[in-house]
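So in our numbering the end of the sequence shown lands on 1538, straight run, no missing numbers. All residues carry an ideal CB built from backbone N, CA and C; glycine is no exception. Notes follow once the structure below has been shown.
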Amino acid sequence: MIRFCLISLVFLLSISSLLYESSSSSIINPSKVKQISWKPRAFVYQGFLTEEECDHLISIAKSELKRSYVADNESGKSKLSEVRTSSGMFIKKAKDPIVAGIEDKIAHWTFLPKENGEDMQVLRYEHGQKYEPHYDYFADKVNIARGGHRYATVLMYLSDVGKGGETVFPSAEQESPRRKSSTSDDDLSECARKGVAVKPKKGDALLFFSLSPNAIPDPISLHAGCPVIEGEKWSATKWIHVDSFDKILGASGNCTDENPNCDRWAALGECTRNAEYMVGTPELPGYCRRSCRLC
Ligand code: PD2
Ligand code: ZN
1244 MIRFCLISLV
1254 FLLSISSLLY
1264 ESSSSSIINP
1274 SKVKQISWKP
1284 RAFVYQGFLT
1294 EEECDHLISI
1304 AKSELKRSYV
1314 ADNESGKSKL
1324 SEVRTSSGMF
1334 IKKAKDPIVA
1344 GIEDKIAHWT
1354 FLPKENGEDM
1364 QVLRYEHGQK
1374 YEPHYDYFAD
1384 KVNIARGGHR
1394 YATVLMYLSD
1404 VGKGGETVFP
1414 SAEQESPRRK
1424 SSTSDDDLSE
1434 CARKGVAVKP
1444 KKGDALLFFS
1454 LSPNAIPDPI
1464 SLHAGCPVIE
1474 GEKWSATKWI
1484 HVDSFDKILG
1494 ASGNCTDENP
1504 NCDRWAALGE
1514 CTRNAEYMVG
1524 TPELPGYCRR
1534 SCRLC
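Set out below in structure tokens:
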């Protein structure tokens, strides 16, 4: 009898663990979230992505990497800059069930709609590569036209990094010196010691807000990707806007592609990188509105 009960118990436990496994991809566990700063509002979720999810994103990105661009503050056009020396690519929303599952998880954690998110950007930083201090909100009108300002960023670490590669908030208010850093000082690079820092750990995710609760750009959200000193860093960024990024505001009709290459360009991330041409502005519609999924 006792033997029968034990066997039944083991059976029930394995069934429930299977059920949990199969539905756990979008379950959010608040006890894994640590607040690292209030000014700016920044939080780390330990183990947000599974090993398999991290490896999957890297395997999609690996063969498609191109040198990263930054947006020009005046024109909004993408340009090469020494401010950002990584390589990257964009993964289309819901490209496959794993990507869609990660996007569901982000929406559940942030309470922000999936349609407000841009395509996910996967980045690779090799030795010495970095992203100098910057804001994720835009200073130009062209980029704000689609979805309004970037409101929040979810930065997912897809690999461990030997040394360096931390994400640092140099203007963050520290409650007591570096108490909030996710790691001890000895583990941090010189760059990371200049503020509140997060050491990349495979599967962890950092959520921070670029606008204050009153929706005004928050200059304290200044942040940087420190140079990689040992190893390689892979990360994935989901930028989330105040409004839908999937439909353009103030536009009516005219939802066509004007160039046969639009579809290919959109797959390469040009809807974000070259938004003025591809998407357009409230005054002048772009040339690839259909492929950029504006209607
Ligand atoms: O990869 C990073 O650590 C990093 C740092 C700052 C990424 C971004 N910004 C970004 O993608 O905006
Ligand atoms: Zn950034």
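Going by alpha carbons, who is nearest to His1466 out of Arg1533, Lys1282, Ser1330, Lys1275?
It is Lys1282.
To the nearest angstrom, how far is the alpha carbon of Gly1529 from that of Leu1431?
Distance between the alpha carbons of Gly1529 and Leu1431 is about 44 angstroms.
For the ligand ZN, is there any heavy atom lying closer than 7 angstroms to the beta carbon of His1484?
No, the Cβ of His1484 stays beyond 7 angstroms of every heavy atom of the ligand ZN.
Alpha carbon to alpha carbon, how far is Asp1519 from Pro1340?
Note that residue 1519 is Glu in the sequence shown, not Asp. Rounded to whole angstroms, Glu1519 to Pro1340 spans 31 angstroms at the Cα level.
Rank Ala1458, Cys1434, Glu1416 by C-alpha distance to the C-alpha of Gly1391 and give the top, closest one.
For Gly1391, the nearest C-alpha among the options comes from Ala1458.
Roughly how many angstroms lie between the CA atoms of Val1342 and Lys1336, to the nearest whole one?
Cα to Cα, the separation comes out at about 7 angstroms.
From Cys1505 to Ser1274, what distance separates their C-alpha atoms?
Each residue's alpha carbon lies about 44 angstroms from the other.
Considering Gly1331, what are the terminal residues of the beta strand (DSSP E) in which it resides?
Its beta strand (DSSP E) spans residues 1330 to 1334.
At 4 residues or longer, what runs of the alpha helix (DSSP H) sit wholly inside the stretch 1340 to 1421?
You should have 1340 to 1353, 1384 to 1387.
Rounded to whole angstroms, what's the CA-CA distance from Arg1533 to Val1411? Just pull it up for me.
Approximately 38 angstroms between the Cα atoms of the pair.
Would you decide whether Phe1354 is buried or exposed? Buried here means 16 or more other CB atoms lie within 10 Å of its CB.
Answer is exposed; the Cβ neighbour count stays below 16.
Taking 8 angstroms as the threshold (C-beta atoms), are Ile1303 and Ile1345 in contact?
Contact flag unset, no.
Tell me the start and end of each unbroken beta strand (DSSP E) in the stretch 1452 to 1506 that is at least 3 residues and wholly inside, in chain order.
For the stretch 1452 to 1506, whole beta strand (DSSP E) runs of length 3 or above, ordered along the chain, are 1466 to 1468, 1471 to 1473, 1476 to 1484.
Taking a contact to mean a Cβ-Cβ separation below 8 angstroms, would you say Ser1474 touches Val1404 in this structure?
The question names Ser, but residue 1474 is Gly in the sequence shown. Going by beta carbons, Gly1474 and Val1404 fall inside the 8 angstroms limit.
Closest Cα partner of Glu1358 within the set His1484, Met1521, Ala1510:
When the alpha-carbon of Glu1358 is set against those of His1484, Met1521, Ala1510, the nearest one is in His1484.
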